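Chains as they are written, first to last, in the numbering used here: chain S, 132 to 443; chain F, 14 to 367.
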C-alpha cells in the first residue's frame, strides 16, 4: 500500500463572515520534507495551519494528515503532530522539565519512555544544564528551543513551526535551523510558516507562496528563483542618473529603485548577456563605480508574486 | 492511571504560576474567621448581676444552675456588681417589686443569638423560681433542652464559613488558572491534545477538590482550636462538602473559560462565594429568618450543606426539614454544573467553528 503524504489539502475554503480567508486552496506535503508557508501578513498562513491542525473547520474541501482525515480522525492526527506556535506558549513559572512533563501527560501514548526522551531532547536542544530553572529566566532563543523540544516530546511525524526564529539572535537562529535539519534527517516532516526569506531559502525543500488565501506559487526555492524572468542589477554612478527610465529606455528595465544617492537597483531580463551594452550606456555620461548583476533572491520572488504594497 | 496522576501533579504545579491567588483563596476565609470571631463576635456574654449574694440572688443563681445555663467564660459570664451602673450594657438586678421577685434586665447591643439564648434561659430560671414560690402546689417542670449544652455562636459562625472556604478555594483557583491558560496561550496545548477532555477536566476537578478540602480543613482546625468544639465526624463533614466543591469548581472553571481573563473570573468567583455565604445561612439557620429569605436561602448550595453539617457540630441535632431533599438538591446541582462545564469546555476550547 502506498504511503500517505504527510499533508494533503484539497480545494479548501474557509470564510470568516464575508471575508474569504482561504480560497479553494490545494497543495500537498511529502513526508520528510521541510515545507515553507510564505505570504504577507494577513495572507492566510495562520488560518491554513489552524485548518490543517483541525483548530478550524473548513467550509469546503478535505484535509488529511498522514492519511487521517482531520475532522473525523482528529485524535489519530494529534498523536502524530507537534506544533510550535509563534507566541511561545510555555508555562513561564515552571521549570523546563515541568513544562515537558505537562506536555508528556497530555500527548505521550507511552509514558514509560518519557524520562529518557526528556533527557535526550534537553541535551539535543542544549538546555540540560538549565532544565530545573523557571522558563521565565530563559532567553528568547532558549524558549524557542524548549518549545521545539516540547513539540518533539511525543515523537511526532509532522511538526508545525510558526515563525521558528522570530526574535531569536543569530546564534540561536543557526542552532534552531540545525535542529530542524537534524530532525528532518530522522524522517520528520516540518511545516514552517515564516516571513524570513533567508530562513525559507536555507531550510525549505518546498515553498508555497500564499496571498489572499490562494496559492500564488509552489515549488522549491531554487526553482522559484530560477523561474524569475529577470536579473537584479545594482549600479553605483557619479553623478547620479537623473532620469533612469529615459537612459535605459532601450533595455525595458523594471522596478527602478534608488537605494541611496548615486545607487540604483532595477530588474532586467537576461542582464548577464547585456552587461557590455549596459556599461556602455551608463559610461557615456556617467562615471560607473560598480555594477552588480545577481539572480533574484527569494525576497525578489516574494515581492514579484505578492507586490510591493504594504499590508495591514 | 499514571496519566491521570501526572495530570493531577501538573495541576498542582500550577500553584507556582499564581501563588498569591492560591494563598488568598485558601486562607482568606480562615483569616476572616479569626478576625471576626476575635473582634466582631463576642464569644463571652458578660452579664452583670446586681447583688447576687442576697437571698433572692442566691435563688436566682441556683435556678440558673438548675436550667443548665452555661455560666462561665465560654458563654455567659455572671459578674457580681453592687449597683446597676448606667455604663453597664448588660445588667440583671434581682429584686422585689410589690412583694414579687423581679428580674430587672437591661440589654445593650449584643449579638442577637446570645440575647435570644439568654432570654430563653432566664425564662426557664424564672419558671424554677416561680415554682419554688408555689411550694407544695408547685408544678413539675420537665425540661427538654434542644441541645444538652449551649454552644458559642462562634461555632456556628465558623461552621457556616467552612463551605465558604471550600467554595472560595475551588472557584477562585479554578477560574483564575483556567483564564490564565487563555492569557498565556497555553490553552492551545489542551486544544491539540489527543487525551480525552473528560480526563483533563477530571484531573482539574480533582486537584481543585483536594485544594478546597485543604482550605476547609484549615478553617475547621482554626475553629476547633479557638472554640474547643470539634465535629463528631470530620470525615463526614468533608464528604458533605464534596458536592459543594464540585459546584464551585465548575462555576470557577466556567468563569475562566467564558471570560478568558483572570480578573473577571477572579471577581466572579469572589462574588458568587460571598453571595452564597451571606444568603446561604452564613449567619444563622435559614429557618430562623423570614419565609421569603428562607426560600431564597434554600436555593443556594450552602444552606443544604450547612444543614447537613449542623448535627456533627450540635450533638446530632437535625435541622434539615427534608434531609433527603437537601441531598438530592446538592446532587442535582452538581450534575447540572458538570454538564454545564463540559458544554462550555467543548464550546470554548474544542470547538472548530469560530
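By construction, the Cβ of each residue, glycine as well, lies at the ideal position given by its N, Cα and C atoms. What you are looking at is a predicted structure, and each value in this text was computed from that prediction instead of being measured.
query: So is residue 121(S) in contact with chain F if we call contact Cβ pairs under 9 Å?; result: This structure leaves residue 121(S) out entirely; chain S is present only between 132 and 443.
query: Is residue 151(S) close to chain F? Criterion is C-beta to C-beta, closer than 9 Å.; result: no
query: Closest to residue 263(S) by C-alpha separation, out of 271(S), 249(S), 275(S) and 272(S), would be which residue?; result: 249(S)
query: With DSSP as the reference, label residue 241(F) as helix, strand or coil.; result: coil
query: Do residue 196(S) and residue 208(S) have their CB atoms nearer than 9 Å?; result: yes
query: Quick check on this structure: which residue in 24(F), 361(F) and 358(F) has the alpha carbon closest to the alpha carbon of residue 190(F)?; result: 24(F)
query: Can you give the beta carbon distance from residue 184(F) to residue 286(F), rounded, assuming they're within the 8 Å contact cut?; result: 6 Å
query: Please classify residue 331(F) as buried or exposed, where buried requires at least 16 neighbouring CB atoms within 10 angstroms.; result: exposed
query: Applying the criterion that 16 or more other CB atoms from any shown protein chain within 10 Å of the CB defines a buried residue, is residue 426(S) buried or exposed?; result: exposed
query: Given a cut-off of 9 Å on the beta-carbon distance, is the pair residue 206(S) and residue 207(F) in contact?; result: yes
query: Around the C-beta of residue 346(F), are 16 or more other C-beta atoms found within 10 angstroms, so that it is buried, or is it exposed?; result: buried
query: Rounded to a whole number of angstroms, what is the C-alpha to C-alpha distance between residue 176(F) and residue 256(F)?; result: 11 Å
query: Please report whether the beta-carbon of residue 27(F) lies at a distance below 9 Å from any beta-carbon of chain S.; result: yes
query: Would you report the Cα separation of residue 159(S) and residue 332(S), rounded to the nearest angstrom?; result: 19 Å
query: So, do the segment 318-329 of chain S and the segment 168-184 of chain S have three or more beta carbon pairs nearer to each other than 8 Å?; result: yes
query: Determine whether the Cβ of residue 386(S) lies closer than 9 Å to any Cβ atom of chain F.; result: no
query: Looking only at its chain, what residues have a beta carbon closer than 7 Å to the beta carbon of residue 221(S), apart from the 5 residues adjacent to it on each side?; result: 230, 266, 274, 277 and 278
query: What is the C-beta distance between residue 46(F) and residue 294(F), in whole angstroms, given that I count them as a contact (C-beta under 8 Å)?; result: Actually they do not touch by this definition, with Cβ atoms about 16 Å apart.
query: Would you say residue 288(S) and residue 211(S) are within 9 Å of each other, going by their C-beta atoms?; result: yes
query: In whole angstroms, what separates the C-alpha of residue 166(S) from that of residue 190(S)?; result: 24 Å
query: Using 8 Å for Cβ pairs, my map puts residue 318(F) next to residue 231(F). What's the rounded Cβ distance?; result: In fact, because the Cβ distance is near 18 Å, the residues do not count as touching under 8 Å.
query: Check this for me: beta carbons of residue 340(S) and residue 433(S), under 9 Å apart or not?; result: yes
query: Does the CB of residue 297(S) have a neighbour CB from chain F at under 9 Å?; result: no
query: Going by the beta-carbon positions, is the gap between residue 152(S) and residue 162(S) smaller than 9 Å?; result: no
query: For residue 204(F), decide whether its Cβ has a neighbour in chain S, counting only Cβ atoms nearer than 9 Å.; result: yes
query: Report the partner residues of residue 108(F) according to the DSSP bridge assignment.; result: 115(F)
query: Please go through the same chain and pick out, in chain order, the residues whose beta-carbon is closer than 6 Å to the beta-carbon of residue 222(F), but skip the five residues on each side of it.; result: 258
query: With 9 Å as the threshold, decide whether the Cβ of residue 315(F) is near any Cβ in chain S.; result: no
query: How big is the Cα-Cα spacing for residue 138(S) and residue 198(S)?; result: 8 Å
query: Mind pulling the alpha helix (DSSP H) runs of 4 or more residues that sit fully within the segment 311-378 of chain S?; result: 328-334, 352-357 and 375-378
query: Quick one: using the 10 Å Cβ neighbour count with 16 as the cut-off for buried, is residue 188(F) buried or exposed?; result: buried
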